[in-house]
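Here is the structure we will look at, set down as structure tokens.
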Amino acid sequence: MKEVRSTCPYCGVGCGVIIESQGERITGVRGDPEHPANFGRLCSKGSTLHLTASAEVVRQTRLLQPMRRLQRGAAPQPLPWDDALQLAADRFAGTIARHGPDAVGFYVSGQLLTEDYYVFNKLAKGLVGSNNIDTNSRLCMSSAVAGYKLTLGADAPPACYDDVNHAGCLFIAGSNAAWAHPVLFRRIEQAKAANPAMRIVLVDPRRTDTAELADLHLPVQPGTDVMLFNGLLHLMLWEGWTDTSWIATHTTGFEALRATVRDCTPQRVSQVCGVPQDDLLTAARWFATGASGEPQHRAGTLSLYCQGLNQSTSGTDKNAALINLHLACGQIGKPGAGPFSLTGQPNAMGGREVGGLANLLSAHRDLANPQHRAEVAALWGVPSVPDQPGKTAVELFQAAADGEVKALWIACTNPAQSLPDQATVRRALERAEFVVVQEAFATPASCDFADLLLPASTWGEKTGTVTNSERRISRVRAAVPPPGQARHDWRIVVDFARRLEALLPPPPGGRSKTLFPYEDPEAIWNEHRESTRGRDLDITGLSYALLDNPGPQQWPMPQGAPAGKARLYEDGVFPTPDGRARFADVAWRPVAEPRESRYPFSLTTGRLRDQWHGMSRSGTVARLFGHVPEPVVQLHPQDMHRRGLAEGDLVHVTSKRGSIVVPVQASRELGLGQAFMAMHWGGEYLGGSSSTGARLAGVNALTTSAFCPTSKQPELKHAAVKILKAELP
Ligand code: SF4
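Have a look at this one:
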């Protein structure tokens, strides 16, 4: 038996795993006791990873050879790799020649490794000459990126997991960590047990499992977080709990915000958010003082937040309003204190690092900054990087639906299930002239629309790196080779890019060597490392060898540093022009689609404990359906009673964009007028059952593609719907 250390491919906690294998078979997995993210623990998903790699699952679920569809709707036919890559290069080169570089687009994934992400980004921005590359991470964390940059000056989560053990107050907002980040939640439970004086506040419209551990649950009305946070600041100012000397020394912009929150009185906030005034006062005191109760004996407050803040048309404002509270009380840059956004995906952070989004460039550089564009062009050896922002996730598919983007390359994600407003997404995939899907799994939905299917490797087979929520870079290592003809993602991109290079007009002065000389992932990572020199995420002191021993490290780790940095801004200096953090003057705005008489329910979406995204991988494990076997819509029992609905009745859930049929389930986690559906269903799937007996339309048939104007993250957390009993034939 062979053992290989690697990283879990599910969530952003980034747990270390030890993969056991025999020959070319993965036989087991267990937590890595030496990995600092989990110290040996795994959740239900991580501990069943080996079951997703059995010979039977591979045979049933994996793409094993390149395939081409001669016409839409026809069965795909196998073709050799060389022919597949040449076909892709010919079609992309032809589209670029006829319509320009912005007629093509790449849609990638936070599941990709940093090395994969890097070459995709260089392919689009360096070779094709278009910034039309975006990622499904846009759906989970782009508001966190924008919030950090707006207030702290850089996209760098300042805290670390160990801060949970030092905090006096944990302020959890828009996160069901008990289900979405289970191993981190175990750490929270242990910290609370070790320190009973610790106070946990949960801000969430639903009374989730996370609420069971909380000392105070604030069940806000969906979308009212900015009002809540501004109201807490109002109370902190009124009670004298802010840290005036810290504000004066380390920040700018406080007076404008002070004026804005003046009318966020407890009475108004209570009315808008649906939270009792006494609870507002308690939350404000605990946050400001780290639950010590006395500002002169201030302990640390750590806020943990996730999609409830991010997936919103006010996503950037919500992030900024929460960070404002940390700045107002000096709750940052010390053990147990700081804003700490949790990433959903295993490598959403890595994608941010390499600039794998339509508005970013390598190493946290900004596309809008001419100097940054010049630096990246010099690094890559290209004349320039295009200055126009590319299309973000929703925009990219809208542009394809409008006929503007004509060739799409989709890697390691399933937009025909996971993007909001599925009718538009599917129209985009039908209208696009050429769709490439680079995937490990034969996912229904997106694969159904592919003209060319390229089989990719996946967890247990890949080599490279990922970065978790606390900026910790870990190695991903292969235990077995990819099955069939599947190839590594970086290899597919490099081989395609070299072919495309030969077809595109060379830059002025010609091209003496390929932009893609890599023969292994380490060569790509080394180029990425060089791009970080002098930047806030400088990792020039790190190498694959050091990630092997002593092991995973948190950035930054510049040349000469003995180790990575656990927490940022301990010196009170921020990466802004004047070194000061900036208060963001933000005011509450309602959700994009408030409920109304014809659509009287607020539908929110979220994760289940035992499933992952579109279930390509977790859906292959029968036991993971033991927790929740099928999609349902949850309603408060009183709402069900009023509508004459009984447990298990089939109902039509209808928004302005679509309608689906699912069983209804009573849940006291919800408030009146609220509905909840899990995000995981939406295509055909391999396990579980469905009482609808038909191919399932997922919740994204209903969700809105309205997005935050700054972060462009769509409002997946709220849509107005009506719910009516389905008439059985
Ligand atoms: Fe994997 Fe996340 Fe579970 Fe850890 S907590 S084992 S990273 S799914």
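Numbered by our numbering, the letters in the sequence shown go through residues 67 to 795 in order. Note that beta-carbon positions come from the ideal geometry of N, C-alpha and C, so glycine has one too.
For a test of the three-state rule: what should DSSP assign to T646, helix, strand or coil? Stepping through the sequence shown from its first residue, residue 646 is reached at position 580. The question names Thr, but residue 646 in the sequence shown is Arg. Here DSSP, grouped into helix, strand and coil, assigns R646 to coil.
Exposed or buried, which one is N435 when buried takes at least 16 other CB atoms within 10 Å? To locate residue 435, count along the sequence shown from 1; it is residue 369. That one is exposed.
Beta-carbon contacts of I605 that lie in its chain and below 6 Å, excluding the five residues immediately before and after: Here residue 605 refers to the residue found at position 539 of the sequence shown. Cβ neighbours of I605 beyond the five flanking positions: R595, T598, W621, M623.
Indicate, with yes or no, if the ligand SF4 has a heavy atom lying under 7 Å from the CB of P248. Position 182 of the sequence shown holds residue 248. Yes, the ligand SF4 has a heavy atom inside 7 Å of this Cβ.
Roughly how many angstroms lie between the CA atoms of K791 and D270, to the nearest whole one? The count along the sequence shown starts at 1 and reaches residue 791 at position 725. The count along the sequence shown starts at 1 and reaches residue 270 at position 204. Computed Cα separation, rounded: 28 Å.
Helix, strand or coil at I92 [DSSP, three-state]: As a position in the sequence shown, residue 92 is number 26, starting the count at 1. Strand, per DSSP.
Tell me which residue opens and which closes the alpha helix (DSSP H) that R497 is part of. Sequence index remark: in the sequence shown, residue 497 carries index 431 (1-based). Note, R497: alpha helix (DSSP H), 488 to 497.
Which listed residue (S684, A322, P144, A629) has its alpha carbon closest to that of T875: The shown model of the chain, from 67 to 795, leaves out residue 875, and the question about it has no answer.
Which one or two residues does DSSP pair with K791 in a beta bridge? Along the sequence shown, read from residue 1 onward, the residue named residue 791 stands at position 725. Paired residue(s): V717.
Might you give, ordered along the chain, the residues of its own chain that have their beta carbon closer than 6 Å to the beta carbon of S810, omitting 5 neighbours on each side? An answer regarding residue 810 cannot be provided, because it is not within the stretch 67 to 795 covered by the chain.
Below 7 Å CB to CB, which residues in the same chain sit around T374 once its five sequence neighbours on both sides are set aside? As a working mapping, residue 374 is identified with position 308 in the sequence shown. The question names Thr, yet the displayed sequence has Gly at residue 374. A239, G240, S241, D270, K783.
Contact between the stretch 304 to 312 and the stretch 273 to 284 is defined here as three or more beta-carbon pairs at a separation below 8 Å; is this criterion met? Contact between the stretch 304 to 312 and the stretch 273 to 284 is absent, because fewer than three Cβ pairs lie under 8 Å.
In terms of residue numbering, what span does the alpha helix (DSSP H) encompassing Q483 cover? Here the question's residue 483 lines up with position 417 in the sequence shown. DSSP places Q483 inside the alpha helix (DSSP H), whose first and last residues are 481 to 484.
Just confirm the distance between the C-beta atoms of R673 and H430, as a whole number of angstroms; I'd bet it's less than 8 Å. If you number the sequence shown from 1, residue 673 lands on position 607. If you number the sequence shown from 1, residue 430 lands on position 364. That pair is no contact at about 28 Å.
Could you tell me whether any non-hydrogen atom of the ligand SF4 is closer than 7 Å to the CB of V327? Position 261 of the sequence shown, counted from the first residue, corresponds to residue 327. No; taking the cut-off as 7 Å, the Cβ of V327 has no heavy atom of the ligand SF4 nearer than that.
Can you tell me whether L151 sits near the ligand SF4, meaning its C-beta is under 7 Å from at least one heavy atom of the ligand? In the sequence shown, counting from the first residue as 1, residue 151 sits at position 85. Relative to the ligand SF4, L151 has its C-beta separated by 7 Å or more from all heavy atoms.
Write down the C-beta distance between R265 and A357 rounded to the nearest angstrom, noting that I regard them as a contact closer than 8 Å. Here residue 265 is taken as the residue at index 199 of the sequence shown, counted from 1. Here residue 357 is taken as the residue at index 291 of the sequence shown, counted from 1. Indeed they touch by this definition, with Cβ atoms about 4 Å apart.
List, from N- to C-terminal side, the beta strand (DSSP E) runs of 3 residues or more that fit wholly inside the stretch 250 to 329. Counting whole runs of 3 or more residues, the stretch 250 to 329 contains the beta strand (DSSP E) stretches 265 to 269, 282 to 284.
At which residues does the alpha helix (DSSP H) containing S209 begin and terminate? Here residue 209 refers to the residue found at position 143 of the sequence shown. First-last of the alpha helix (DSSP H) with S209: 208 to 218.
What is the DSSP secondary structure of A544, reduced to helix, strand or coil? Taking the sequence shown and counting its residues from 1, one reaches residue 544 at position 478. Under the three-state reduction of DSSP, A544 is assigned to coil, being neither helix nor strand.
Do G680 and H746 count as a contact pair if the criterion is CB distance below 8 Å? What you label residue 746 is simply residue 680 of the sequence shown in a count that begins at 1. What you label residue 680 is simply residue 614 of the sequence shown in a count that begins at 1. Annotated as proximal: H746 and G680, with beta-carbon spacing under 8 Å.
Report yes if the C-beta of K111 is less than 7 Å from at least one heavy atom of the ligand SF4; otherwise report no. Counted from its first residue, the sequence shown places residue 111 at position 45. Because some heavy atom of the ligand SF4 lies under 7 Å away, the Cβ of K111 counts as near it: yes.
If I measure Cβ to Cβ from G106 and keep anything under 6 Å in the same chain, skipping five residues before and after, which residues do I get? By 1-based counting over the sequence shown, the position of residue 106 is 40. Answer for G106: G97, P99, listed in chain order.
Rounded to a whole number of angstroms, what is the C-alpha to C-alpha distance between Q437 and W446? Position 371 of the sequence shown, counted from the first residue, corresponds to residue 437. Position 380 of the sequence shown, counted from the first residue, corresponds to residue 446. Rounded to the nearest whole angstrom, the C-alpha separation of Q437 and W446 is 14 Å.
Below 8 Å between beta carbons: does that hold for L298 and F353? Here residue 298 is taken as the residue at index 232 of the sequence shown, counted from 1. Here residue 353 is taken as the residue at index 287 of the sequence shown, counted from 1. A contact, by the Cβ cut-off of 8 Å.
Span of the beta strand (DSSP E), counted from its first residue to its last, around A239: As a working note, residue 239 is residue 173 in the sequence shown. First-last of the beta strand (DSSP E) with A239: 235 to 239.
What residues match up with E360 in a beta bridge as DSSP calls it? What you label residue 360 is simply residue 294 of the sequence shown in a count that begins at 1. DSSP output for E360 lists no bridge partner at all.
For P587 and L130, what's the separation of their Cα atoms in angstroms? Walking along the sequence shown from the start, residue 587 turns up at place 521. Walking along the sequence shown from the start, residue 130 turns up at place 64. A straight-line Cα-Cα distance of about 22 Å links P587 and L130.
Run the proximity test for C206: is its beta-carbon closer than 7 Å to any non-hydrogen atom belonging to the ligand SF4? As a first step, residue 206 must be located in the sequence shown, where it is residue number 140. C206: no, Cβ never under 7 Å from the ligand SF4.
Run the CB neighbour count on D517, radius 10 Å, all protein chains shown included, and call it buried at 16 or more, exposed below. For this step, residue 517 is matched to residue 451 along the sequence shown. With 16 or more other Cβ atoms within 10 Å, it is buried.
Contact the stretch 412 to 423 vs the stretch 531 to 538: 3+ CB pairs below 8 Å: With three or more CB-CB distances shorter than 8 Å, the stretch 412 to 423 counts as touching the stretch 531 to 538.
E69 to S682 span [Cα, whole Å]: By one-based count along the sequence shown, residue 69 stands at place 3. By one-based count along the sequence shown, residue 682 stands at place 616. Taking the straight line from one Cα to the other gives about 25 Å.
Given L856, which residues of its chain have a CB within under 7 Å of its CB, disregarding the five upstream and five downstream residues? Residue 856 falls outside the range modelled here, since the chain spans only 67 to 795, and no answer is possible.
With distance defined between alpha-carbon atoms, name the residue in V728, G724, A482 nearest to G717. On the sequence shown, position 651 is the one that residue 717 refers to. The amino acid at residue 717 is misidentified as Gly; the sequence shows Val. For the residues V728, G724, A482, the minimum Cα distance to V717 belongs to V728.
Do D156 and D555 have their C-beta atoms closer together than 8 Å? Taking the first residue of the sequence shown as 1, we reach residue 156 at position 90. Taking the first residue of the sequence shown as 1, we reach residue 555 at position 489. Not closer than 8 Å, so no.
What residue does the beta strand (DSSP E) around W525 start on, and which one ends it? Stepping through the sequence shown from its first residue, residue 525 is reached at position 459. W525 -> no beta strand (DSSP E), and no H or E assigned at all.
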